[in-house]
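Below is one structure, written out as structure tokens, with a few remarks after it.
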Amino acid sequence: MRFLRGMTAGAVIGAVAGMLIMPQLSWNTRRRFGRSGRIIRNTAEDLMDSMKSWNK
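All the letters of the sequence shown, read from the start, carry residue numbers 14 to 69 under the working numbering.
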């Protein structure tokens with residue numbers, strides 16, 4: 014569980030750093046990053062739900 018929390022924290026920190034860089038990127042690139050971020054977030058949430066159900 015700690016590993017997943019660390020991975021999630023790292024992803025959030027990376028996303029924040031990316032957002033600081035984003036204003037310099039084109040609109041299409043920002044849109045692609047946003048889409049990828051949503052996919053990664055949803056995958057991480059699904060993984061956490063699966064891990065929680067395994068613990069029960």
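We put the beta carbon where it would ideally sit given N, CA and C, even for glycine.
Keep in mind the model is a prediction, meaning the values are calculated, not measured.
Extent of the continuous alpha helix (DSSP H) run through Ser66: Residue 66 sits at position 53 when you count from the first residue of the sequence shown. For Ser66, the enclosing alpha helix (DSSP H) has its first and last residue at Trp40 to Asn68.
Member of Thr42, Arg48 and Ala57 whose CA lies at the smallest distance from the CA of Ala22: Looking up residue 22 in the sequence shown gives position 9. Nearest to Ala22 by C-alpha distance, out of Thr42, Arg48 and Ala57, is Ala57.
Residue range of the unbroken alpha helix (DSSP H) whose run includes Met14: Position 1 of the sequence shown, counting from 1, holds the residue named residue 14. No alpha helix (DSSP H) contains Met14, which DSSP labels as neither H nor E.
Cα-Cα separation between Ser14 and Met32, rounded to whole angstroms: Numbered from its first residue, the sequence shown carries residue 14 at position 1. Numbered from its first residue, the sequence shown carries residue 32 at position 19. Rather than Ser, the amino acid found at residue 14 in this sequence is Met. Whole-angstrom Cα-Cα distance: 27 Å.
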